[in-house]
Structures are given as structure tokens and as C-alpha cells.
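Enquirer: Quick one: the structure is below, and I'll ask about it shortly.
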Amino acid sequence: MPIISPTQLRAVVTEIVARTPIVDIHTHLYAPAFGDLLLWGVDELLTYHYLVAEVMRRSPIGYDEFWALSTREKANHIWEHLYRQSSPISEAARGVLTALQAVGIDVSSADLEEIRQQFNRWTVEKYVDLVFRKANMEYAVMTNDPFDPRERAVWEQGIPADPRFRAALRIDPLLTDLPRACSMLSELGYSVSPRLDDVACAQVRRFLRVWIDRMDPLYMAVSLPPTFRFPTDDPVRRMLDSCILPVALDREIPLALMIGVKRQANPHLQLAGDSVGKAGTQAIENLCTAYPDNHFLVTMLSREDQHQLCVTARKFRNLMPFGCWWFLNVPSLVREITMERLELLGLRFIPQHSDARILDQLLYKWAHSRKVIAEILVEKYTDLQRTGWPITEETVTRDVRDLFRDNFLRFAARL
Ligand code: HDL
Ligand code: ZN
């Protein structure tokens with residue numbers, strides 16, 4: 070393959086980043102077979118909980134009054150306050166416009182009714198095809214919660230496999246709300262006492278195996294507060310030691326730890342009410358040491374934890390940092406975090422996941438991230454070129470494929 074010249078570098082790297090399909094390892098999307106669980110369209114985009122938090126800072130509306138509105142009325146309210154009375158300059162507000170533009174919707178009239186009309190041309194299936202093509206997605210990994218009765222019912226009916234949507238088994242209550250987990254497990258026929266004796270642990274392992282057989286998840290996942298510690302002498306340790314990690318190892322499934330969420334800092338905001346706290350990486354270090362054969366995907370919510378996560382990843386080959394999660398998924402921090410990961414970890418990390426909850430968000434979350442990642446790679450390849458090292462289209466294609474899919478697939482024993 071020809072060596073890329075310095076003058077060609079920007080164009081070639083940008084094109085390769087644009088054309089490399091994405092394996093999006095963490096989303097809240099669902100395959101169309103899940104019915105109404107899959108959200109799409111402009112009213113869902115506008116009522117995304119990120120924008121709820123932002124509109125409640127501008128509008129005098131009371132919490133209860135807002136929550137009593139229909140989705141359409143909430144969207145109208147958000148459009149009025151964040152788009153018509155102010156410039157939609159925040160990442161979540163601008164993202165809606167990027168998504169609409171990507172599917173050919175003209176927003177210049179700023180008329181929400183007119184925008185709504187333009188969605189009448191699509192069925193959900195047609196729209197999934199369009200969004201995946203425009204966002205250049207290989208597939209999205211869902212967040213699949215067996216403790217959610219609505220979602221559980223769909224799995225228990227049996228659903229057709231959809232190669233565009235893969236599963237991840239989400240198990241938060243096992244580690245963050247054991248009493249509630251035990252009562253839900255008992256309702257499902259797994260007698261599990263909060264004491265987590267050997268009988269209970271065997272039941273939890275059976276529960277995990279049943280859902281792994283049903284979902285074929287690429288990983289198991291749990292979100293954890295900044296206070297998460299390991300080891301501890303509470304049931305969390307037994308849940309990891311005797312239930313989750315042995316099953317994960319046996320099935321060669323990574324455990325994704327998503328650390329730093331302070332749930333419901335403001336309950337009036339409902340899903341928008343969660344906040345962030347600094348966690349530190351001692352628990353991750355202890356887990357990677359105690360379980361050298363388990364694979365840990367880790368994303369942390371606090372900007373202040375990112376450098377320590379990179380250094381910890383340098384110490385443990387069974388630790389794979391991923392994504393610029395949630396409050397970090399803004400261009401300035403995606404740039405900062407991705408730059409330090411390239412400088413400390415080379416090309417062995419997973420730079421981004423979308424966390425998309427609404428299908429259309431794939432269009433903006435990936436467009437905005439690809440732009441930042443391409444810019445940073447141009448800088449880093451330019452630094453490399455200056456040493457006389459040859460940069461070819463083949464090597465850049467390989468590297469970007471690693472970042473956007475192969476690092477994850479290898480780590481999840483799927484390649
Ligand atoms: O726990 C999670 O997976 C988080 O991503 C939450 O769902 C959060 O509400 C979110 O959507 N962040 O982007
Ligand atoms: Zn999420």
C-alpha cells in the first residue's frame with residue numbers, strides 16, 4: 070500500500086474513520102422486534118433525559134406539571150425553551166439537529182410541526198435501515214435487563230435474531246440492591262436469600278446461565294456508585310466471588326463495570342436525576358488482581374478518574390477501558406480522554422460507545438465522535454510521520470478497525 074504523504078494524511082485518515090463500520094458496545098436501543106421499547110423520531114429525541122435536565126434550568130415549569138405533559142407536549146416545551154428562545158448549542162441540543170439533518174430533514178424553518186410531518190415517510194424498519202446506513206453501524210449492543218418485566222416478557226415469548234442488535238446482560242440489582250434482587254429472583258423461581266449462602270449462590274449462577282443461554286450476551290454489565298469497593302465483607306463480594314465472575318469466566322464473557330453514578334441526586338428529574346462522583350480505581354485494581362483470567366470492560370463517569378483508569382489499564386491486560394460515558398460524551402472531553410488513552414495505551418482501548426436511547430441518536434453521537442477521533446488520529450499520525458515512520462492506508466485502516474470493533478471483539482472472545 071502506498072505511503073500516505075503529510076499533505077494527504079488528513080484526508081485519508083478522515084475518510085478511513087468515516088468508512089469504518091461501528092460496533093457500538095453500549096446502547097439502550099432495542100431491535101424492532103421489541104416493539105415500543107425501541108424509541109425513535111423527533112419527539113423522543115427532544116424528550117431525551119439529557120434535554121429534560123437542560124430545559125428544567127431554563128423553564129419555570131414545575132416538575133409535576135412537566136411530568137403530567139404528554140411526550141408531544143414535553144417536546145413542544147423543550148423546543149420552545151431550548152431551541153426557539155435560546156440557541157441549541159449544548160451537545161444534546163445540537164445533536165438533535167445533527168440527527169435530523171443526517172436523514173435529510175430541513176430544520177431551517179425551526180417549525181417543529183413541519184419537522185414532525187417529515188417523519189411520516191418512514192416505518193420503523195425502514196428507519197432502522199436508514200439510520201444504520203447513515204451512521205455506518207455494523208451493530209449496536211443493547212442493554213438487556215431480565216429484571217424489567219416488559220423486556221423479560223419479550224425474551225420469554227422468543228424473538229427473531231436481528232444481526233443489527235446484539236445483547237448485553239444487565240444485572241445491576243445483584244450488586245446494588247440485593248434485597249430487591251432476591252425478591253425478584255424468588256418471583257422468577259430462584260430461591261435466593263440475601264445471606265447468599267451456598268444454595269443461594271447456586272441459584273444466582275443458574276439464573277445467570279439461563280439468561281446467558283437465552284440472550285447470548287456479548288458481556289454482562291453493571292453500573293456502580295462511586296462508593297463501590299472490592300473486596301468488602303458484605304454480600305457484594307460473595308455475589309462477585311461466588312456467582313458473577315465464575316459464570317463469566319466459564320462462559321468467556323467479560324464483565325462491564327460502569328462506575329461513578331450517583332443515582333437520583335435529584336429524584337424530581339426522574340431518569341435525568343442521576344449525577345456523578347469520583348470513584349478511584351482501587352476496586353478495579355483489586356478485581357483485576359484477584360481475577361486475572363476474567364476480562365473487565367470498564368468505563369468511569371468522572372472526568373477525574375480517567376487518567377487513573379488509563380494507568381491501571383497499563384498494569385492489567387485483563388482491563389479494557391471503554392467509552393466517554395454520559396456526562397463525558399461531549400467533544401471537549403472526548404478529545405481530552407481519547408488523546409490521553411492514545412498516549413498511554415496506544416491503540417488498545419475502546420474509544421467510544423453511543424449510550425443511545427433513541428435510535429436517531431446514533432446519527433449524531435457517532436458523527437460527533439468520529440469527527441473528534443479523526444482529528445486526534447491525524448495529530449498522532451502526523452507526530453509519527455515526523456519520525457520518518459511510514460504511514461500507509463492499510464495501517465490506518467487496521468488501527469481504526471481495532472478502535473471501532475476488533476479490540477472489543479477480541480476482548481469478548483468473539484474474534
Ligand atoms: O446506566 C447506564 O447505562 C447509563 O448510561 C444510564 O442509562 C444513563 O441514564 C444514560 O442514559 N446515560 O447516557
Ligand atoms: Zn447506558
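Residue numbers (the numbering used here): 70 to 484. From the three backbone atoms N, C-alpha and C, an ideal C-beta is built for every residue, glycine too. If you're wondering where the values come from, they're calculated on a predicted model, not measured in any experiment.
1) Measuring only from the beta carbon, is residue 95 closer than 7 Å to any heavy atom that is part of the ligand ZN?
2) Just the Cα atoms here: how many angstroms apart are residue 314 and residue 373?
3) So, with DSSP's three-state summary, where would you put residue 299?
4) Roughly how many angstroms separate the alpha carbons of residue 332 and residue 419, rounded to a whole number?
5) Which runs of the beta strand (DSSP E) spanning at least 3 residues fall entirely within the region 217–271, listed in chain order?
6) Three Cβ pairs or more, each shorter than 8 Å: is that satisfied between the region 194–212 and the region 86–97?
7) Just grab the DSSP bridge partners of residue 92 for me.
8) What distance in whole Å lies between the Cβ atoms of residue 219 and residue 106, which are believed to be in contact at a cut-off of 8 Å?
9) On the DSSP bridge assignment, give the partners of residue 391 in chain order.
10) Just to confirm before moving on: does the CB-CB distance between residue 396 and residue 368 stay below 8 Å?
11) For residue 216 versus residue 248, is the C-beta spacing smaller than 8 Å?
12) Quick one: is residue 246 buried, meaning 16 or more other Cβ sit within 10 Å of its Cβ, or exposed?
13) Can you say whether residue 363 is buried or exposed, counting buried as having 16 or more other CB atoms within 10 angstroms of its CB?
14) Between residue 212 and the ligand ZN, is the CB less than 7 Å from at least one heavy atom?
15) Using CA coordinates, which residue listed in 425, 382 and 414 is at the minimum distance from residue 394?
16) Could you pull the DSSP bridge partners for residue 292 from this structure?
17) State the DSSP-derived secondary structure class of residue 273, mapped to helix, strand or coil.
18) Based on the DSSP secondary-structure assignment, which residues constitute the bridge partners of residue 456?
19) From which residue to which residue does the beta strand (DSSP E) around residue 125 run?
Expert: With the structure as the only source:
1) Taking 7 Å as the cut-off, the C-beta of residue 95 counts as close to a heavy atom of the ligand ZN.
2) If you take the alpha carbons of residue 314 and residue 373, they lie about 28 Å apart.
3) Coil.
4) Those two C-alpha atoms are separated by around 25 Å.
5) Segments of the beta strand (DSSP E) lying fully in the region 217–271: there are none.
6) Enough Cβ pairs lie closer than 8 Å, so yes.
7) BP columns for residue 92 point to 208.
8) Distance from residue 106 to residue 219 at the Cβ level is roughly 7 Å; contact confirmed, criterion being Cβ atoms closer than 8 Å.
9) Looking at the DSSP assignment, residue 391 forms a beta bridge with 419.
10) Not closer than 8 Å, so no.
11) The Cβ atoms of residue 216 and residue 248 do not sit closer than 8 Å to each other.
12) Flag for residue 246 reads exposed.
13) Answer is buried; the Cβ neighbour count reaches 16.
14) Answer for residue 212: yes, Cβ within range of the ligand ZN.
15) Minimum Cα distance to residue 394 is reached at 425.
16) DSSP lists 327 as partners of residue 292.
17) Per DSSP, reduced to three states, the secondary structure at residue 273 is helical.
18) Its beta-bridge partners do not exist; DSSP assigns none.
19) Careful: residue 125 lies outside any beta strand (DSSP E) and carries neither H nor E.
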